[in-house]
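Protein chains in written order, with my numbering: chain Y, 126 to 623; chain A, 6 to 99. Virtual Cβ for every residue (Gly too), placed ideally from N, Cα, C.
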C-alpha cells in the first residue's frame, strides 16, 4: 500500500502554481487568432523543440515503456525503438513543406492546393478521433495515478485534471501550452537522467547485473502474438507522429521552415536520449522489482513500476518527484491535445466548412474557447466510461489512426501534384474508417473490452491494411478523377471546334 | 544548342538533388530498420535474444540502442545537407 506522501503534493502544487502564473502572463498574447493558435509564430527553435518533445513524451512513454520491460522483458524495446522511429519521417519529409504551406492547422497545408470543404471536414474528423482517443487515455491514466498516489477518488481526480487543462487552454492558448510543455519536458528529462545515474551507481556500473532479468532465462509470452500486428505497430510508430495534429500544429509556432527544421533536430536528439535512458530504467525495473531486490508488491499494477523504482533508488523524495513529474506530464499533454481539437472545430469546421471563411477572428477565437470547453467536458465524461480500459492500448490507437488517415493524404498532397481533392478525401476517410472499425473489431476491444467470444478481425493493429488502403484509394480516385477531367476537357474542346 | 550554366548554379542544383535524396533515404532507412526489428523481436529471433559481448547484454538491446541513435544522427545529417543547400543557393543568387 502506498502511503500518503507530502513531497509529490508539494512539488505538484509548485508546478500548478508556476504554470498558472505563466497562463496569466500569456493570456495577454492569446487575444487574437494568431496568438491563440500559434503563439504569434514567435517561439524560438529550442523552445519549440522542447515543447514538441513535451507533446510527444506522454505518461504512456514513461510509465508504459518501463511497465512493458517489467512485465515482458525484452519486448519493452518495441516501445523504446518505436518512439523514435517517426521523427526522421517528420523532420525530413513533412515539417518544412508543411510550415511553408500552412497557417494554423495541418488542414491549411492540405487545402493549399485543394480548397475543398470536404477536405476540411476530413481533417476535422480525423483530428477529433485522434485527439479524443488520446485525451481519454491520458485522463484515465491521470485519474488512476492520482487515486493511487494522493488517495483522491477517481471521480474527483478526473474532473480536477480536466479543469486544470481547460485553464491552460482557455486563458493561455498556445503560449501557455508551449511553456507548460517546456517545463514538463525539462523536468521529465532531468528526472529520467537522475534515476538512470542512481540506478547505474546502485549496480556499480555493471551492465551484466543490470540487464540480468531482461536477458536471463525468464520466459514470458511475447507482447505481440503475431508478426502482422508487430509490423502494423511498427508502421504506426513510424508514420503516426507525422499525422498527429497537436504535433503538426507546433510547426506554425516558429517563424519559418528553417526554424521548424531546427526545432525537430532538437526534438529528435532529446527523444532519442530519453529512450536510451528508458531502456536502462526498464532493465533496472525488471531486475530490481522482479529479481532478488524484489519483495515489493506493485500496488497500482505494472504501470507503476517506474514510480516504485524511484522509491527504491531515492526514497520518498525521489518517489514524490517522479509522481509529480508524471502527473505534470499528463496535464501538459492533455492541454496540447485539447487545443488541437478545439482548433479543428473552430478553424476547420466553423470558419471554413460552415461559414465559408467569412467568420471574424473574434468569433473564431470565441468558438475555439467554447469548443475547448465542450471537448474538456466530453473527455471528462468519457474518462468515467473508459475507467477500466487498458490505458496502454488506448494510447496506441491515435498513432494508428494518424498513420492511416492523416499521413497518406499529407504526404501525397506535398509530393504528388496529381492528388485531387476527391482522392485526398476518399483516401483519408478510407484510412480513418478502416483503422477505427478494424481496431474496434480487434481482440483487444471486441473480446477484452466488449466481452464477445471471438474477434472478427484477428490482429491487434490494422495499420498495414488501413495505411495501404488509404494510399491505394487516394491514388486510384485521383487518377480516375483526372481522367474524368481530361475526358470532359477533350469533349468540350471538340464541341468548341465543331 | 547547349545552355551555359554557371558553376554556382550547377553546384546549387547538385546540392538540391542530394538533399532530396537524403530526405527520402534517411526516413526509409530508419523505418525499414524499425519494421525489421519489430518483426525479429515478435518472432523471438535468436539474432535478437542471444547475449553478446563481455557483459552478456541481449543483442536486441544493442540493436535497439543503435537504431535509436541512428535517428538523431540521420536527422543531423539531413539538417547539415539542408543548411549547405541553402548556403549554396544563396551564393548562386548573388
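For residue i, the nearest candidate out of the options (CA to CA)
i              : options                           : result
residue 135(Y) : 216(Y), 447(Y) and 266(Y)         : 447(Y)
residue 286(Y) : 392(Y), 312(Y), 451(Y) and 466(Y) : 451(Y)
residue 463(Y) : 208(Y), 255(Y), 199(Y) and 364(Y) : 255(Y)
residue 152(Y) : 471(Y), 443(Y), 494(Y) and 309(Y) : 494(Y)
residue 335(Y) : 273(Y), 159(Y), 198(Y) and 272(Y) : 198(Y)
residue 545(Y) : 605(Y), 489(Y) and 305(Y)         : 605(Y)
residue 319(Y) : 405(Y), 397(Y), 267(Y) and 242(Y) : 405(Y)
residue 588(Y) : 571(Y), 531(Y), 550(Y) and 270(Y) : 531(Y)
residue 350(Y) : 200(Y), 133(Y), 453(Y) and 385(Y) : 200(Y)
residue 281(Y) : 520(Y), 523(Y), 506(Y) and 233(Y) : 506(Y)
residue 246(Y) : 560(Y), 540(Y) and 475(Y)         : 475(Y)
residue 159(Y) : 229(Y), 289(Y) and 209(Y)         : 229(Y)
residue 557(Y) : 538(Y), 149(Y) and 525(Y)         : 525(Y)
residue 184(Y) : 310(Y), 288(Y), 233(Y) and 489(Y) : 310(Y)
residue 411(Y) : 457(Y), 477(Y) and 324(Y)         : 324(Y)
Burial state of residue i, where buried means 16 or more other Cβ atoms lie within 10 Å
i              : result
residue 19(A)  : exposed
residue 440(Y) : exposed
residue 26(A)  : exposed
residue 182(Y) : buried
residue 427(Y) : buried
residue 292(Y) : buried
residue 326(Y) : exposed
residue 172(Y) : buried
residue 486(Y) : exposed
residue 510(Y) : exposed
residue 162(Y) : buried
residue 388(Y) : buried
residue 142(Y) : exposed
residue 637(Y) : Any question about residue 637(Y) goes unanswered here, given that chain Y covers just 126 to 623.
residue 17(A)  : buried
residue 371(Y) : buried
residue 468(Y) : buried
residue 375(Y) : buried
Reduced DSSP secondary structure (H/G/I, E/B, other) of residue i
i              : result
residue 330(Y) : coil
residue 542(Y) : coil
residue 512(Y) : coil
residue 578(Y) : coil
residue 590(Y) : helix
residue 523(Y) : helix
residue 182(Y) : coil
residue 256(Y) : helix
residue 278(Y) : coil
residue 379(Y) : coil
residue 236(Y) : coil
residue 109(Y) : Examination of residue 109(Y) is not possible in this model, given that chain Y is present from 126 through 623 alone.
residue 228(Y) : coil
residue 152(Y) : coil
residue 584(Y) : coil
residue 370(Y) : helix
residue 469(Y) : helix
residue 309(Y) : helix
residue 11(A)  : coil
residue 426(Y) : coil
residue 414(Y) : helix
residue 569(Y) : helix
8 Å Cβ shell around residue i - same chain, five flanking residues per side excluded
i              : result
residue 131(Y) : 445
residue 295(Y) : 494, 497 and 498
residue 72(A)  : 35, 38, 39 and 42
residue 284(Y) : 505
residue 436(Y) : 443 and 444
residue 489(Y) : 158, 471, 472, 475 and 476
Proximal residues to residue i (C-beta, below 7 Å), its chain only, five neighbours per side dropped
i              : result
residue 225(Y) : 382
residue 342(Y) : With a pLDDT of 47 at residue 342(Y), under the threshold of 50, the modelled position of this residue cannot be trusted; read the value that follows with caution. Here the set comprises nothing.
residue 399(Y) : 182, 314 and 317
residue 52(A)  : 45 and 64
residue 23(A)  : 86
residue 527(Y) : 255, 365, 368 and 369
residue 616(Y) : At residue 616(Y), the pLDDT of 44 sits below 50, so the modelled position is not reliable and the matter cannot be decided from this model.
residue 348(Y) : 193, 197, 200 and 203
residue 148(Y) : 292, 293, 296, 297 and 301
residue 634(Y) : Lying outside 126 to 623, the shown extent of chain Y, residue 634(Y) is not represented and no answer is given.
Close beta carbons around residue i, own chain, < 6 Å, minus the five adjacent residues each side
i              : result
residue 418(Y) : Because the pLDDT at residue 418(Y) is just 46, under 50, the model does not fix this residue reliably, and the point stays unresolved.
residue 192(Y) : 427, 428 and 430
residue 4(A)   : Shown here, chain A extends from 6 to 99; a query on residue 4(A) therefore has no answer.
residue 140(Y) : 453
Residue i Cβ short of 7 Å to the ligand ATP heavy atom set
i              : result
residue 175(Y) : The ligand content of the structure shown is nil, which means the ligand ATP is not present either.
Q. Fully enclosed by the stretch 43–95 of chain A, which alpha helix (DSSP H) runs are 4 residues long or longer?
A. 51–54
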